[in-house]
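S.K.:
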Amino acid sequence: MKRTIALQVNGAAQEVLVEGGRTLLEVLREDLRLTGTKFGCEHGECGACTVLVDNTPALSCITLAQLCDGKSVTTVEGLEGPVADAIHAAFAEAGASQCGYCTPGFAIMFHHLMERSAAGETIDPRRELSGNICRCTGFVKILDAYERGTAKQRV
Amino acid sequence: MLRIGTFEVLRPRSLDEALAMRSEYTRALWIAGGSDLVPKLKRAQFAPDAVISLAEIDGLEGVSRRDDTVRIGALTRLSALERAPEIAALTVLREATGVIATPIIRSMGTVGGNLLQDTRCRYYDRGSFWRESLGSCLKIDAEVCRVATGGNRCFATLCSDLAPALAVLDATATVVGEKGARTVRVEELYSNDGAAPFTLDGDVLMHVDVLAHERFSRYRKFRIRDSFDFPEVGVAVAIEEHKAQLRVSVAVTAVAPSIPVFRENVSRDGLSQVEDTVYAAIKPMDTLFLPPAHRKSVARNMLRRIFDEFRATG
Amino acid sequence: MRMNEARPNNGYKTIGRRAARVEAFTKVAGRAVYADDVHLPGMLYGRLKRSTVAHGRILSIDTEHARALPGVRAVITGADLPVRYGILPVHQDETALAVDRVRYLGEPVAAVCADTEDIAQRALDLIDVSYSPLECVLSVEDAFAARVRLHESEKFSGNAHRVVALEFGDVAGTLAGCEYTREDMFYYAGSTHLPMETHATVADFTDGRLTLIVSHQAPYYLQRILPKVLGIPAHALRVVVPYVGGGFGGKLDPFPDTICAGKLSIITGRPVKFTLSREEVFYNHRGRHPSLMWIRSGWKQGEMAAVHFRAFLDGGAYGSFGTAAAYYHGALQGTTYRLGTYKAEIVRFYTNKPPCGPKRGHGTPQPRFALECHIDRVAEELGVPADELRRKNLIAPYSTTVNHLRVTSCGLDECIRRVVDASGYHDKRGHLPFGEGIGLAVGCYISGAALPIYWNEMPHSEVMVKADRSGKISAYSGHTEIGQGADTVLAWIVAEVLGIEPDEVTLVLRDSDSVPPDLGSYSSRVTMMMGNAARDAAEKLKQCLAESAASALSADVGEIIFDGRKLYAADRERFITLEDAIQRAEAAHGMLSFTGSYTPRPKYGDFKGAGVGPSPAYSYSACAIQVSVDTDTGRVQPVKVWIAHDIGKCISRINVEGQVEGGVYMGLGEALMEEMAFTPAGLLRNAGLLDYKSPTALDMPEIETFLVEDPDPEGPFGAKEVGQGPLLPVPPALVNAVYDAIGVRFDEIPVTPDKVLRALERRSERVGPRRVIEFPFPEPVKVEVPADAADRDV
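Chains as they are written, first to last, in the numbering used here: chain A, 918 to 1072; chain B, 6 to 319; chain C, 141 to 934.
Given below as C-alpha cells:
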C-alpha cells in the first residue's frame, strides 16, 4: 500500500510516495534520479547497489523503501569532504575502476571502512570488501586503492 | 528491474502492537534486516498481505552479560555480534558469525533473521519464470518434490551458520506469542519439515541466552567461495573436559531442514566414535549446490580436523 | 636487426606512464552514465516474454489480455519482426522473437511496452503461449545422436552447425615416423561473461529517425544490421553508446531487447527502455562454448613434429559467432609453437541451450587448455622440465606458422623466463609437500582480427582529429569504452603526438551521427586499430601545425618540437604557442580537421578458413600458479599467480596491468567454479549471482605481473593487445599445479571441490572425458606447410 516516506538523502530532505514492495534502489534511481547507485543482481548478491542508511552499509536493492522512512541515506553522489577526496584520488591513481559499474558500491564501502579505520578500528580490507563483486579488476587495483586512500587519510 | 508486488508495511513499536497487527492479516510476515526475505519477495516465493518490521521494537537489540549468561537480542545486527566483546571467548559463535554471507549483509542482517531464515533448496530458491517452466514444488503450492520425486516430504535445507554454533553452546531461545513467552533449546526452533521449518507458529524470537564460560569450540564452514555463499555444510563443535571425560557437542548445518545435534560423553579415545556417529546420522539431500555425498564426506573430514585441533590443545 | 620504434619509455612524455585513466573521476564519483541511467520524457518500459520450454513448436500466442491491461501500449510477437539476422553473414538464423518454433528455454517469444515497469511485468503474465514440445538436446553427444534437427535448413547432419577440417603437411605420415606419440582428451565447461551491468537499450523514434542508446560493444554492427530488421533506412538510425558496464564479449551480437525496443518505439512513437534482469542476461548469453577435445602429438628429438587436434563444440541454439569460434579453436596452436605438421578437425553442434558466442579469448582458451595440459604430460613422460620443452619448441619472432600466419614480435621466451624465475618453478615443481603444487602454461592472442566480419577493403578504424582557434584539440572516434581503457588510449596517443597533456584532448565519442566508424571492442583490436588511426590523424595535424610554426619561426618544419602547448625551434628558445600555431594554420587553410585510418594488411594463407587467425601482431603470456589443495574438502586455493605478458609497448601502464589481473581473475573463475549448469529439461540452474559463482576478493590470490616490452612494428608506439590473452594460460597452469599438488590430472574444468575429493577418495589418476564422438569429418582441406615456416628474422 502506498505511503509517503521522508528521507534525508545526501543531506537533502525528500518526500516520496511509494508502494509497500518498492525498494530503496528503485526510489533512488527512479524517483530521485540518483543513478550513481547501480543494480547488478537485484537480489543482494553483488554489492553494486550499496548505500549508507543511517551511516550503515545496506544493499538498496533488497531494502524496502518504506522501512527507511525517517532515515538518512548516503549515495555515491553524496560522498563529499576529505575522505571522499581521498577515495576519488586513490581510485584514479590505482586504476581501480575499469568498466566502473561496481565502483559506486566500492566507493561507499571505502568511505564506511575509512571512517571506521579513522576511529581506531583495524580493518582487513580484503575481507571487508568481499561483499562487492567486480568482474573486471580481480580486485588487485581496488585493494591497492584502499591502501592509497587510507595513506592519504593519515596525512 | 524485477518488481515486488505490493503489501502493507507496518512498523510496530512494541511486541503487543506487533502481535496484534499480525492477527489482522492472513499472510503477514515478520521482517528484521530483510536480507533473507526481500530477495524471496522478488522471486515471488512469498506473497504476503503485510510485512511487519520488528526493527523498532524496544529491547530486542543488543548483547549483554549478566553473571554467567550472555543475552543476545534477536534484532542484534550480525556485524554488531561479530564485534561484541561479550562473545570473544565463545570461539564457535564468533567464527560462525564472521563467515555469514558478506560484510554488507552482516551489517543488515540480524541474529534472529539468521536463525529463522527460510530453508533453502536449488529447486525452490528460484524466480517465477523458473516455476513457470519447471513447475512449482511442495514448499510452495504443488504436490511434488523436485529433489525426492515421488516423496511427499520437503527436504529444503536449513543453512543457518548461527544455529549450529549456538546449539553446541547449549543456547536457549525465548519466544513470545499471544499465549505468552516460552524458552526452548535453539535446535527446538526447527520442525525438521522443510516446507514449514519452524516451531514458532508466528511467535516472535526475542533473544538467545548462552553460558559465557570458556570452552574449546570451533565452527568450520564449507562453501565454494569465501564470501556470499551459504554453507554447503557447516560443523560446530564444543568440548568440555572434566577429568578424563569429555562432553562433546556437535551440530551440523546445511544437511537437513533442522540442525542435527549430537551430545556425547566420551574419553579422548572416543572422539573417533563421535565422528562415525555423526557421519552415519547425517543425510544431506540434493538441495544445494554440491552433491550430497561430497558434503557428507566434507562434514566428517572437517569434524575430524576440529577433533585433531582439540587433541593438539593437550 | 628489426626495427624497434623506440626503447621502452625512452623519449615518451605520455605513452607508458603510470597515470589515471581519463574517465577515472567520472566513474568513482558515480557520474558515469550507462544505458539504464538514461531517462527520456514520456518513456515507456519494455519486457520480454520468454519460452518456458527448451524445444517446441509454438501452437499459439494469445496477447489479447495483455493488450487490454490499462497502461500497456503495445505487444509484439515474432510475426511483427520476421526478418532473419545473425552477426555473421554466413549465419542469418535468428529472429528477435521466436517465429513458429523455440530452440532454448528463455528464448523471447513476445514483447510488451507499458507506462511503468510494474505494468509491463504484469502484462507478461497475461500472455498465453502454448507449445508442442520437441525432443530436447543438451549436449554434443545428444545432438549428434538425436533424430530431431534444430535447424532443418542446415547442410550437415547430426545437428552439426559448422565443420572445419584443415591439414598442413602430412600428419598421419609424420606421426607414423615419430619416436614418441601421445593422445589425451579434455573438456572445457561453458561459462558466461557476467558483466556487472545488465543489457539495456533506450530507443527513441521521432521525426522519422530512430535513436538507440544501447549498452553494446560493437555499435557499428547494429548500425549495419538493424535497419534491415526494423525496416528503416540506414540513414534514419543513430546508435549512441554510453559507458558500458562490462562486456567481455557478451554485448556483441544484436540482441532481442535492443531490436524490440526499436520496434516498439517505432510502433508507439514514444521512447522505450528495455533493461534486462540479471536472470535474463544468462539467456542472452553468447558465452564460452563447452568444448570436448582430443589431441594427439608426435615428437622427434623433443620437437613437435605433428599435432592432430579434434574438437566438438556445444554451440547452443543459434549460430551467433559460432563459425568464428570453431575456426579459432584450430587457429592459434601454431603461433606459440613450431609445429612440423598440423591437422585440425572441429565441429560445432546446435543444442537447445542459450547460444554460445565470443567470450574473452573467443574460441581459443579451450584448445589452449588442451594443448598446455597435453604438453605438461609430454614433458613429464620425456623427462624434460615443462618450461624447457616449451622453450625448445617456441615459434621464432618474425616467422610464419605452420598454418600460414605471420608472427611479428614474440616475447614469449622472455615471459616464460620471467615467471619461472620469479616463482621458483624449478625448485618447487615436484618438491612441495602433498597438497601444494605449482604449474605452468603459456598463451597467445590476436591484436585484432585482420579480416572484418563483413568482407570489404575499407578501414577497420577511422579517427578524426580537429583543432580550432580556441586552442582546443578534439578527437572523434566510434570505439566503445567497456572498461578496457580505450578512451585513455585515444587521448594519450593524440596527446603524445602533439606534446600536450591527455586532459587537453577533448573526446567526441560513440555517436554514429557524429563519429567515423570503428568496428567495435572485440578481438582485442581497439588499441591496435583505433590507436593506429588516432596516431595517423594526429600526425597529420602535427605536420600542418609544424609547417605553420616553421613559417612563423623561420625554421625548418622537421626541427619543430611540440612540448606543453608550445612549438619550439631547434634552439629551444624561439617558440610560438599552440593557439598561435593553430590560428595561423586556420587562417592559411581553413578548418583544421584531419582523418586517420587503419586497415590491417597482414600476410596469410590462401585456403578456405585462412581468414580466421590472421592479425597484425600477436600478444604472448606465460603464467605460473601455486595452489594449495584442501584434502578435507577438495577445495583448490590458488596461493599466488605469476604472470608475464608481452604487451609490445604499454600505452597506459595501470590499464595494461588491470587487464592482465582481470584476465587472471576470469581465468581462475573458469578453472575453479564458473559453469553454465542445466536441468534435464534445459532450464539453467544458476541464473543469478549467488549460484553462478564469480570469485570474491577473498578467493583471489596475490598476482605478480611482469610486462615484457618489445615494441611491435605494427602497433601504435609498438603496442599489442592485453584484454584477452592473459586469461589463456591461467586454466591450464592451474590444473598443472593441481597435478603437482595431489597427483591427479584434471583434464576438465572447472576443478570443483566435489571432483577433487572424489578423485582423492578413489585414488583416481585423472578426471576427464573418456571418449569423444565418432564424427565423420570430411576429407580435410590440404595445405602445404609454408616454405618459410619457422625461419627466424626473415
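Just so it is clear, CB atoms sit at the ideal spot from N, CA and C, and this is done for glycine as well.
Keep in mind the model is a prediction, meaning the values are calculated, not measured.
With DSSP as the reference, identify every bridge partner of A:Gln925, one or two as the case may be.
M.R.: Paired residues: A:Ala930 and A:Ser989.
S.K.: Once DSSP output is grouped into helix, strand and coil, what is the label at C:Met141?
M.R.: Low confidence applies to C:Met141: its pLDDT is 31, below 50, so where it sits in the model is not reliable, and the reading given next is rough at best. Residue state, collapsed to three classes: coil.
S.K.: With DSSP as the reference, please indicate the residues paired to B:Trp135 in a beta bridge.
M.R.: None, per the DSSP bridge assignment.
S.K.: State yes or no: is the C-beta of C:Gly611 within less than 9 Å of the C-beta of C:Glu719?
M.R.: Going by C-beta atoms, C:Gly611 is nearer than 9 Å to C:Glu719.
S.K.: Taking the alpha carbon of C:Cys684 as the point to measure from, which residue in C:Pro657, C:Thr166, C:Val605 and C:Leu868 has its own alpha carbon closest?
M.R.: The residue with the shortest Cα to Cα distance from C:Cys684 is C:Val605.
S.K.: What residue from C:Val666, C:Ile700 and C:Arg569 has the CA that sits closest to C:Gln864's CA?
M.R.: It is C:Val666.
S.K.: Any residues in the region 958-978 of chain A with a beta carbon nearer than 8 Å to a beta carbon of chain C? Which ones, in chain order?
M.R.: For the region 958-978 of chain A, which is checked against every Cβ of chain C, the residues closer than 8 Å are Cys958, Glu959, His960, Glu962, Cys963 and Ala965.
S.K.: Among A:Arg1071, A:Asn972 and A:Tyr1063, which has the Cα closest to the Cα of A:Leu1046?
M.R.: Comparing Cα positions, the closest option is A:Tyr1063.
S.K.: Does the Cβ of C:Leu199 have 16 or more other Cβ atoms within 10 Å, making it buried, or fewer, making it exposed?
M.R.: Flag for C:Leu199 reads exposed.
S.K.: How about B:Met323 and B:Thr177: do their beta carbons lie closer than 9 Å?
M.R.: Because chain B here runs from 6 to 319, residue 323 of chain B falls outside it and cannot be looked at.
S.K.: Report the residue ranges of all beta strand (DSSP E) runs contained in full by the region 58-109 of chain B; include only those spanning at least 3 residues, in chain order.
M.R.: You should have 68-71 and 74-78.
S.K.: Going by C-alpha to C-alpha distance, which of A:Ala929, A:Cys1053 and A:Thr1067 sits closest to A:Ala1036?
M.R.: When only C-alpha atoms are compared, the closest one is A:Thr1067.
S.K.: Under three-state DSSP, which class holds A:Cys1053?
M.R.: Correct three-state label for A:Cys1053: coil.
S.K.: What does a CB cutoff of less than 7 Å around C:Val934 pick up in its chain, not counting 5 residues either side in sequence?
M.R.: Its pLDDT being 37, under 50, C:Val934 is placed unreliably by the model, and the measurement read from it follows with that caveat. Excluding sequence neighbours, C:Val934 sits near Tyr538, Ser539 and Asp928.
S.K.: Bridge partners for C:His566 per DSSP, in chain order?
M.R.: Answer is none; C:His566 lacks a bridge partner.
S.K.: Consult DSSP for B:Ile287 and reduce its assignment to one of helix, strand or coil.
M.R.: The answer is coil: DSSP assigns B:Ile287 none of H, G, I, E or B.
S.K.: Taking 9 Å as the CB-CB limit, is B:His299 close to chain C?
M.R.: At least one chain C Cβ lies under 9 Å of B:His299.
S.K.: Tell me which same chain residues have a C-beta within less than 6 Å of the C-beta of C:Ser614, skipping the five on either side of it?
M.R.: Cβ within range, chain order: Lys606, Thr646 and Val648.
S.K.: On the CB-based measure, 16 or more other CB atoms within 10 Å of its CB, does C:Asp627 come out buried or exposed?
M.R.: The residue in question, C:Asp627, is buried, as its Cβ has 16 or more Cβ neighbours within 10 Å.
S.K.: Determine the direct distance from the alpha carbon of C:Tyr744 to that of C:Met141, and round the result to whole angstroms.
M.R.: Interpretation of C:Met141 is limited by its pLDDT of 31, a score under 50 that renders its predicted location unreliable; no figure is taken from the coordinates.
S.K.: Measure the Cβ-Cβ separation of C:Arg935 and C:Ile435 and say whether it is below 9 Å.
M.R.: Since the first and last residues shown for chain C are 141 and 934, residue 935 of chain C lies out of range.
S.K.: I'd like the list of long-range same chain contacts for B:Tyr128, defined as Cβ closer than 6 Å, with 5 residues on each side in sequence excluded.
M.R.: Closer than 6 Å at Cβ, skipping near neighbours: Cys142 and Arg151.
S.K.: Spell out the partners DSSP gives C:Leu847 in its beta bridges.
M.R.: In DSSP, C:Leu847 forms a bridge with C:His785.
S.K.: Spell out whether any CB of chain B is found under 9 Å from the CB atom of A:Gln983.
M.R.: Output row for A:Gln983: interface = yes.
S.K.: Quick one: which chain B residues come within Cβ less than 9 Å of A:Ser989?
M.R.: Ordered by position in chain B, no residue passes the 9 Å Cβ test against A:Ser989, which lies about 15 Å from the chain.
S.K.: At least one CB of chain B closer than 9 Å to the CB of A:Ser1047: is that the case?
M.R.: So yes, A:Ser1047 belongs to the interface.
S.K.: In angstroms, rounded to a whole number, what distance separates the CA positions of C:Gly749 and C:Thr541?
M.R.: Answer to the nearest angstrom: the Cα atoms are 15 Å apart.
S.K.: Please confirm if B:Gly10 has its CB atom under 9 Å from at least one CB of chain A.
M.R.: Answer yes: the Cβ-Cβ gap between B:Gly10 and chain A drops below 9 Å somewhere.
S.K.: Determine the direct distance from the alpha carbon of C:Phe308 to that of C:Arg147, and round the result to whole angstroms.
M.R.: Caution applies to C:Arg147, whose pLDDT of 39 falls short of 50 and renders its modelled position unreliable; the model cannot decide the point.
S.K.: C:Val412 and C:Met183 look like a contact to me (Cβ under 8 Å); what is the Cβ gap, rounded to whole Å?
M.R.: So it is a contact: roughly 7 Å between Cβ atoms.
S.K.: State the start and end residues of the unbroken alpha helix (DSSP H) segment that holds C:Ser85.
M.R.: Look at the range of chain C in this structure, 141 to 934, and you will see that residue 85 of chain C is not part of it.
S.K.: Would you call C:Trp632 buried or exposed, if buried means 16 or more other Cβ atoms sit within 10 Å of its Cβ?
M.R.: It is buried - the Cβ of C:Trp632 has at least 16 other Cβ atoms within 10 Å.
S.K.: What number of angstroms, rounded off, separates the C-alpha of B:Asn306 from the C-alpha of B:Leu205?
M.R.: Approximately 34 Å, taken between the alpha carbons.
S.K.: In chain B, which residues lie less than 8 Å from C:Thr476 when you measure between Cβ atoms?
M.R.: By Cβ distance, chain B contributes nothing, its closest Cβ being about 32 Å from C:Thr476, past 8 Å.
S.K.: Within 9 Å of any Cβ in chain A, is that where the Cβ of C:Ile765 sits?
M.R.: Closer than 9 Å: no.
S.K.: Closer than 8 Å between beta carbons: that is the criterion. Which residues of the region 1011-1025 of chain A meet it against chain C?
M.R.: For the region 1011-1025 of chain A, which is checked against every Cβ of chain C, the residues closer than 8 Å are Ala1011, Gly1012, Ala1013, Ser1014, Gln1015, Cys1016, Gly1017, Tyr1018, Cys1019, Thr1020, Pro1021 and Ala1024.
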